[in-house]
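First to last, the protein sequences are chains A and B. The first sequence lines up with residues 1 to 111 when you count with the numbering used here. The second sequence lines up with residues 112 to 230 when you count with the numbering used here.
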Amino acid sequence: NFILTQPQSVSESLGKTVTISCARSTGVIARNYVQWYQQRPGSAPTTIIFQDDRRPSGVPDRFSGSLDTSSNSASLTISGLKTDDEADYFCQTYDDNNLWVFGGGTKLAVL
Amino acid sequence: QVQLVQSGNETKKPGASVKVSCKASGYIFTNFAVTWVRQVSGQGLEWMGWISPYNGDTKYPEKFQDRVTVTADTSTNTAYLELRSLRPDDTAMYFCAKSWIAVPLVDKWGPGSQVTVSS
């Protein structure tokens, strides 16, 4: 099966924009929807992006998802960074048998 | 509103089994799936299984095929995860999640149940 590779950590300053990548090892990234989950310390994950670029109600439009076919990866972009955005972020997709695959997670530090 | 209430923390000995429950409310239980995901402290998310309460269809990763059973009771809107032959490295937080049937994604996560395996 394929794997999803995320950077272990990223950091950016308050108010700036950060992008977290999620690279699919084999198979086309656009073939299966990608989701993004946010997990703050000590809490359960929450869904912030589903079906590549859709936001659940209540998720601010500072969060956006996209696909980059040239790098076969998905990206989560967070603009106007707030201290509250400090969290772990996980991407997730699935294979053609609907078996789930999670990325290893990225720890975001807001400086 | 959608709520997922999970059973309490458990401590088990190696070789034992554990059954974690997840009671759903606020939506039509049979219209969505339930997914189970675990997380070892400080590590990533690991998918353990999926069930459609509508028809009982299940899916498991190969790693857990022999040790995990996911079930659902539509009379009580409760899903269950059973993990057998427990080992110390099964010590983790176990999350249930409301998922879509047609597309493998989570739209609501449960709070988690801590399972500790220790002799």
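We put the CB at the ideal spot given by N, CA and C, even for glycine.
Residues of chain A with a Cβ closer than 9 Å to the Cβ of residue 206(B) are, in chain order, 44 and 45.
Scanning chain A for C-beta atoms nearer than 8 Å to the C-beta of residue 218(B) yields 47, 50 and 56, reported in chain order. CA-CA distance, residue 124(B) to residue 205(B), rounds to 17 Å.
Counting C-beta atoms within 10 angstroms of its own C-beta, residue 187(B) has fewer than 16 neighbours from the protein chains shown and is therefore classed as exposed. The residue from 32(A), 81(A), 101(A) and 57(A) with its alpha-carbon nearest to that of residue 172(B) is 101(A). The Cβ-Cβ distance between residue 137(B) and residue 117(B) does not fall below 7 Å. Around the Cβ of residue 201(B), a 10 Å sphere holds 16 or more other Cβ atoms; the residue is buried. In this structure residue 85(A) is buried. Its beta-carbon is surrounded by 16 or more other beta-carbon atoms within 10 angstroms. The CB of residue 172(B) comes closer than 7 Å to the CB of 99 in chain A, given here in chain order. Around the CB of residue 32(A), 16 or more other CB atoms lie within 10 Å, so the residue is classed as buried. Residue 26(A) sits away from residue 37(A), with the two beta carbons spaced by 7 Å or more. Not a single CB atom of chain A sits nearer than 7 Å to the CB of residue 115(B). Cβ-Cβ distances below 8 Å link residue 140(B) to 164, 183, 185 and 188 in the same chain, with the five nearest sequence neighbours on each side left out; the list follows chain order. In the same chain as residue 111(A), and ignoring 5 residues on each side of it, the C-beta atoms closer than 8 Å to its own belong to 11, 12, 13 and 14, in chain order. The Cβ-Cβ distance between residue 49(A) and residue 106(A) does not fall below 7 Å. Sixteen is the threshold: since fewer than 16 other Cβ atoms of the shown chains lie within 10 Å of the Cβ of residue 82(A), the residue is exposed.
One thing to note: residue 54(A) has its Cβ no nearer than 7 Å to the Cβ of residue 80(A).
Annotation for residue 210(B): the continuous beta strand (DSSP E) segment containing it runs 203-210.
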